[in-house]
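Read top to bottom, the protein sequences are chains A and B.
Under numbering that gives the first Met the number 0, the first sequence has 70 at position 71, and the numbering climbs by one with no breaks.
Under numbering that gives the first Met the number 0, the second sequence has 299 at position 300, and the numbering climbs by one with no breaks.
Notes to accompany the following structure.
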Amino acid sequence: MSRKRPFDRDASSLGAAGGRAKSWKRPLDRDASSLGAAGGRVMSRRVNAFWGLVAWLVGIAFFLPVAWMVLTSFHSEADAGTNPPKFGASLTLDGYREFFGASTGASPWPPLINSATASIVSTLLVLLLAIPAAYALAIKPVRKWTDVLFFFLSTKMLPAVAGLLPVYLIAQKIGLLDNIWLMVILYTSMNLPIAVWMMHSFLAEVPVAILEAAAIDGARLPTIMRKVIVPVAAPGIAATALICFIFSWNEMLFARVLTGVVAGTAPVFLTSFVTSQGLFLAKVCAAATAISLPVLAAGFAAQDKLVQGLSLGAVK
Amino acid sequence: MSVTSGVSTGDTAEQQTQASAPERKRGASLHRGEGRRGIYLVAPTIILLAAVIGYPVVKAIVMSFQKDPGLDKATGMFVSGGNAGFSNYTHWILQRCGTASCPPGTLGAEFWDSVGTTFMFTLATVVIEVLLGMWMAVVMNRAFRGRGLLRASVLVPWAIPTAITAKLWYFIFAYDGIANRVLHTHILWTGGEWASRFAIIIADVWKTTPFIALLILAGLQVIPAETYEAARVDGANSWQRFTKVTLPLVRPALMVAILFRVLDALRIYDLPAILTGGGGGTGHATTTLSILVVDQIRGGFNSAAALSTLTFLLIFLVAFIFVKFLGAHVVQTQQRQQKGTI
């Protein structure tokens, strides 16, 4: 925490950091509060404690609906149905047993596996395509590279529905409807622009000197990629992968229209599950919690990388 | 703009490298023929995007100029296609079905309503999210216990799938649900005209505000403390420090964040589609443009293609206005941040 550092050191490093924008080498937890001056330190600590409390209250307010969902998922149907909710009710795993088909025999595994396949394979493909492209744009700029970057950005303007209909017709023609590999291709294309954009931001901060040293030592492009770029940009690659994974896992519109019984993904399964089991709150909450779990686990495991990635991908 | 460039002391190897070789541009060729190789690296991405995103969109535009199979309303004859000219577009814009105006209740009569609904959602959610997010970011920018944990937990609403968000709020807003219980009201949240709109706005604000707050927070953290210190020495109070220091320095990043958020909000589909079943109120109180397109797909592909093209044009127009008049310079902001002049 920079609060413990002498003020002048703090200011200079902050100034340098400001000059280089958001370098991924800096820990994000840095305290950039405006209250670093030695004078009002005791005062400012008290003020910070107050605002910290306020921030926590707001944070908890935002977290409350999710907490309710998770708690309800562990309740019996009788307790889940009461209003106001019973917080002290006894906990049970019945909701989860029902979600995994204890009484109906309908297994949630095929949609979960479909979602995992689509998310993981498309994320790997995105990285495979985005890293070389971003490298070319960031380190060896293609002529008019701003135009290329703006092209990548412009796909954000397209309403997803604009492409949906032709994609449906084309998929019908080549027999890819209700096939998970169609979703892999679609998710790869949807996430590519934002991935190139993010990777470009990360790679632009790789020192040219390292690349030159490698080139002088006789390394060729594939070697430079594998031995220099990928290790140096690893945090950026992790952040990009995480965001692509979350977007693919959560995508709903295309999955709803283009998949059916065979290739349905987890969110599609959830909506149909809710339609058939809507009155059984605990069961539905268990399903929702189970389907949210992979993205929540991924997000918690790498939360600061996620925040860095988001700010690079969306703000820059 | 260049508030911080003068104080850079270069505490990383990277910056020292740049300082020692200021005349060399980033990306100066290391080998001959590198420009060509750069194109080979970008080409796979461009080809995939052209095939999977570009081609369908062009195809949609072509389709939008063709007639849908069906009874020709003017002649009463069955037509199976053919050149439609701009009739699919005039159908939506002028709300004309054949020679008469579309009767209320049909999709054709809903175009301008859903344009209004979409823009209303966009305006309401973006304004609330940016103001609330700004406030949250300023608060979270202070040092306090467990800030890292708090930052992780506010991301939860953003990370869980929208389908689940929508269902979660569907239960909260049920007639005998928690919202009515807590507020001591008997509101038909998913049925009433304005109640259902409020429900969607609340759910969207809940989902996206923490995300916006974190984006703004990342922007706040690069503002050097000494800038605030100087303002404080000059006698600025905390409100003045916010409006004269924080806002101008965060503005470029903020504008780009708002632009991206607006583009997303204009395409909103999942939340209204699930939370209110796309309808709400009298049947189309929460029908956004994206929902109208999906509804229309069942009623005629080519007409739906015209509608999605119109939606794209509207969004493009908004983005253009942002970039042209409000200074959301996406590429320039990124470049300048890299050169270190912001």
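Think of the CB as a built atom: it goes at the ideal place given N, C-alpha and C, for glycine as much as any other residue.
Can you tell me whether DSSP reads Trp168 (chain B) as helix, strand or coil?
Position 169 of the second sequence holds residue 168 (chain B). Trp168 (chain B): helix per DSSP, three-state reduction.
CB contact check: Gly162 (chain A) to chain B, cutoff 8 Å
For the purposes of this step, residue 162 (chain A) is taken as the residue at position 163 of the first sequence. Closer than 8 Å to some Cβ of chain B, the Cβ of Gly162 (chain A) qualifies, so yes.
Where Ser118 (chain A) meets chain B, residues with beta-carbon distance less than 8 Å
The residue given as residue 118 (chain A) occupies position 119 in the first sequence. Per Cβ cutoff of 8 Å: no residues; Ser118 (chain A) is ~11 Å from chain B at best.
Looking at the structure shown, is Arg231 (chain B) part of a helix, part of a strand, or coil, going by DSSP?
Walking along the second sequence from the start, residue 231 (chain B) turns up at place 232. Correct three-state label for Arg231 (chain B): helix.
Here's the rule: buried if 16 or more other CB atoms are within 10 angstroms of the residue's CB, otherwise exposed. What is Arg144 (chain B)?
One-based indexing of the second sequence puts residue 144 (chain B) at position 145. Around the Cβ of Arg144 (chain B), a 10 Å sphere holds fewer than 16 other Cβ atoms; the residue is exposed.
At 4 residues or longer, and completely inside the stretch 174-235 of chain A: list those alpha helix (DSSP H) runs for me, N to C.
Here the runs fully enclosed are 179-202, 207-215 and 220-223.
Skipping 5 residues on each side, what residues in its chain have a beta carbon closer than 6 Å to that of Leu131 (chain B)?
Stepping through the second sequence from its first residue, residue 131 (chain B) is reached at position 132. Cβ neighbours of Leu131 (chain B) beyond the five flanking positions: Thr208.
Hey, Ile314 (chain B) and Ala256 (chain B): beta-carbon distance below 8 Å or not?
As a working note, residue 314 (chain B) is residue 315 in the second sequence. As a working note, residue 256 (chain B) is residue 257 in the second sequence. Going by C-beta atoms, Ile314 (chain B) is not nearer than 8 Å to Ala256 (chain B).
Say whether chain A places a C-beta atom closer than 8 Å to the C-beta of Met135 (chain B).
Here residue 135 (chain B) refers to the residue found at position 136 when the second sequence is read from its first residue. So yes, Met135 (chain B) belongs to the interface.
Since Ser121 (chain A) and Val183 (chain A) are thought to touch, with beta carbons under 8 Å apart, how far apart are those beta carbons, to the nearest angstrom?
Residue 121 (chain A) sits at position 122 when you count from the first residue of the first sequence. Residue 183 (chain A) sits at position 184 when you count from the first residue of the first sequence. With 8 Å as the limit, Ser121 (chain A) and Val183 (chain A) qualify as a contact, their Cβ atoms being about 5 Å apart.
Between the alpha carbons of Glu211 (chain A) and Arg225 (chain A), how many angstroms are there, rounded?
For the purposes of this step, residue 211 (chain A) is taken as the residue at position 212 of the first sequence. For the purposes of this step, residue 225 (chain A) is taken as the residue at position 226 of the first sequence. Glu211 (chain A) and Arg225 (chain A): Cα-Cα distance of roughly 15 Å.
In or out: Lys172 (chain A) buried (at least 16 other Cβ within 10 Å) or exposed?
As a working note, residue 172 (chain A) is residue 173 in the first sequence. Counting Cβ neighbours within 10 Å, Lys172 (chain A) comes out exposed, since fewer than 16 surround it.
Leaving aside the five residues before and after Thr288 (chain A) along the sequence, list all residues of the same chain whose C-beta is less than 8 Å from its C-beta, in chain order.
As a first step, residue 288 (chain A) must be located in the first sequence, where it is residue number 289. Scanning its chain for C-beta atoms nearer than 8 Å, with the 5 sequence neighbours on each side dropped, one finds around Thr288 (chain A) the residues Met68, Val69 and Ser72, in chain order.
Test item: CB-CB of Ile159 (chain B) and Val273 (chain A) under 8 Å:
Taking the second sequence and counting its residues from 1, the one referred to as residue 159 (chain B) is at position 160. Taking the first sequence and counting its residues from 1, the one referred to as residue 273 (chain A) is at position 274. Against a cut-off of 8 Å, the Cβ pair of Val273 (chain A) and Ile159 (chain B) comes out as no contact.
Exposed or buried, His90 (chain B), counting other C-beta atoms within 10 Å across all chains shown (16 or more means buried)?
As a first step, residue 90 (chain B) is located in the second sequence; it is residue number 91 there, counting from the start. Its Cβ being crowded by 16 or more others within 10 Å, His90 (chain B) is buried.
Chain B partners of Met182 (chain A), CB-CB under 9 Å?
Residue numbering aside, residue 182 (chain A) sits at position 183 when the first sequence is read from its first letter. What Met182 (chain A) touches in chain B: nothing, since even the nearest Cβ is about 12 Å away.
Can you pull the DSSP bridge partners for Ser86 (chain B)?
By one-based count along the second sequence, residue 86 (chain B) stands at place 87. According to DSSP, which records beta bridges pairwise, Ser86 (chain B) is partnered with nothing at all.
Does DSSP put Arg266 (chain B) in a helix, in a strand, or in coil?
In the second sequence, the residue the question calls residue 266 (chain B) occupies position 267. Reduced to three states, the DSSP call for Arg266 (chain B) is coil.
Does any C-beta atom of chain B lie closer than 8 Å to the C-beta of Trp55 (chain A)?
Locating residue 55 (chain A) in the first sequence gives position 56, where the first residue counts as 1. Yes, Trp55 (chain A) counts as interfacial toward chain B.
Would you report the Cα separation of Ser305 (chain B) and Arg297 (chain B), rounded to the nearest angstrom?
By one-based count along the second sequence, residue 305 (chain B) stands at place 306. By one-based count along the second sequence, residue 297 (chain B) stands at place 298. In the sequence as presented, Ser is not what sits at residue 305 (chain B); that position holds Ala. Their backbone Cα atoms lie some 14 Å apart in a straight line.
I'd like to confirm the pairing. Which residues does DSSP put opposite Ser75 (chain A) in its beta bridges?
Taking the first residue of the first sequence as 1, we reach residue 75 (chain A) at position 76. None, per the DSSP bridge assignment.
CB of Asn249 (chain A) within 8 Å of CB of Thr116 (chain B), strictly
As a position in the first sequence, residue 249 (chain A) is number 250, starting the count at 1. As a position in the second sequence, residue 116 (chain B) is number 117, starting the count at 1. Not in contact: Asn249 (chain A) and Thr116 (chain B) (Cβ atoms no closer than 8 Å).
Mind checking Ala217 (chain B): buried by the 16 CB within 10 Å criterion, or exposed?
Walking along the second sequence from the start, residue 217 (chain B) turns up at place 218. Classification of Ala217 (chain B): buried, given that the 10 Å Cβ count is 16 or more.
What are the start and end residues of the alpha helix (DSSP H) that includes Tyr95 (chain A)?
Taking the first residue of the first sequence as position 1, residue 95 (chain A) is located at position 96. Run containing Tyr95 (chain A): Asp93 to Phe98, per the alpha helix (DSSP H) assignment.
Local conformation of Gln295 (chain B) per DSSP, three classes
In the second sequence, counting from the first residue as 1, residue 295 (chain B) sits at position 296. Note: Gln295 (chain B) maps to helix in three-state DSSP.
If you pair each beta-carbon of the stretch 254-268 of chain B with each one of the stretch 139-155 of chain B, do three or more pairs fall below 8 Å?
In this structure the stretch 254-268 of chain B does not lie against the stretch 139-155 of chain B, because fewer than three pairs of beta carbons, one per stretch, are closer than 8 Å.
At least one CB of chain A closer than 8 Å to the CB of Val129 (chain B): is that the case?
Counting from one through the second sequence, the residue named residue 129 (chain B) turns up at place 130. For Val129 (chain B), the answer is no, since every Cβ of chain A falls outside 8 Å of its Cβ.
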